[in-house]
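Following: one structure in structure tokens, then a few remarks.
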Amino acid sequence: MAEKFNAKFGENRTNDSMQRWCSKNNFLGVPNTGRFIKGQSAWNDGKTGYMGANATSFKKGNVPHNTKPLFSERTCAKDGYVLIKIREEHPQFVLKHRWLWEQVKGPIPENHKIVFINEDKTDIRIDNLMLVSDAELAVKNIKFSKVSNAETNETCLLLSKLHIAAKKVA
Numbered sequence: 001m002a003e004k005f006n007a008k009f010g011e012n013r014t015n016d017s018m019q020r021w022c023s024k025n026n027f028l029g030v031p032n033t034g035r036f037i038k039g040q041s042a043w044n045d046g047k048t049g050y051m052g053a054n055a056t057s058f059k060k061g062n063v064p065h066n067t068k069p070l071f072s073e074r075t076c077a078k079d080g081y082v083l084i085k086i087r088e089e090h091p092q093f094v095l096k097h098r099w100l101w102e103q104v105k106g107p108i109p110e111n112h113k114i115v116f117i118n119e120d121k122t123d124i125r126i127d128n129l130m131l132v133s134d135a136e137l138a139v140k141n142i143k144f145s146k147v148s149n150a151e152t153n154e155t156c157l158l159l160s161k162l163h164i165a166a167k168k169v170a
């Protein structure tokens with residue numbers, strides 16, 4: 001085939017290069033599209049495999065080596081908040097300052113946040129926590145963001161409460 005092609009077109013191709021070109025351009029019959037054609041069987045058709053591997057991989061009562069005990073704490077690397085483990089069965093870590101507030105003062109109302117008075121996320125004491133509404137926090141972040149720091153944060157939060165109360169009256 002390559003000899004006839006070379007003679008007719010004045011080329012110098014080998015049989016291998018002609019075969020590769022024909023295969024690439026689908027001149028050898030059925031194109032290889034990578035899909036199953038009708039009636040074709042899979043390579044593993046009829047072979048048996050082990051199903052349900054995870055069901056028997058772990059023994060009941062086995063505890064992984066990295067399991068944390070109940071009420072253990074960890075610090076979130078992303079934003080620095082302290083998290084505490086509150087459940088053993090389906091482990092769940094929650095923000096410790098929110099958990100502490102709910103233990104001491106009850107549930108947090110909807111549209112409210114717990115903020116740190118001294119702005120230190122690792123200083124988790126009940127007298128360092130303050131309940132503020134979303135509106136008060138928004139006013140504090142917009143109007144008092146330039147003057148708010150660890151010393152003036154509580155004053156800025158109280159001023160934002162006063163600002164919202166004044167808006168309601170007016």
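With full-length UniProt numbering applied, the sequence shown covers 1 to 170.
Beta carbons are placed, not taken as given, at the ideal position from N, Cα and C, and that holds for glycine.
Source: prediction; values computed, not measured.
Here Asp134 is not near His163, since their CB atoms are 8 angstroms or more apart. Looking at Leu95, Glu154 and Asp16, the one whose alpha-carbon comes closest to that of Leu137 is Glu154. Within a 10 Å sphere around the beta-carbon of His97 sit 16 or more other beta-carbons, which makes this residue buried.
When the Cα atoms are used, Val94 and Lys167 turn out to be separated by approximately 35 angstroms.
Shown here, Ile84 sits in a strand according to DSSP, grouped into three states. Gly80 and Ile124 have their alpha carbons spaced roughly 12 angstroms apart. Taking the Cα positions, Ala55 is about 38 angstroms away from Leu100. An exposed status is given to Leu131, since fewer than 16 other beta-carbon atoms sit within 10 Å of its beta-carbon.
Looking at the DSSP output, Gln92 bridges to Arg87. Exposure of Val169 is indicated by the presence of fewer than 16 other C-beta atoms within 10 angstroms of its C-beta. For Leu129 and Val63, the gap between their C-alpha atoms comes out near 36 angstroms.
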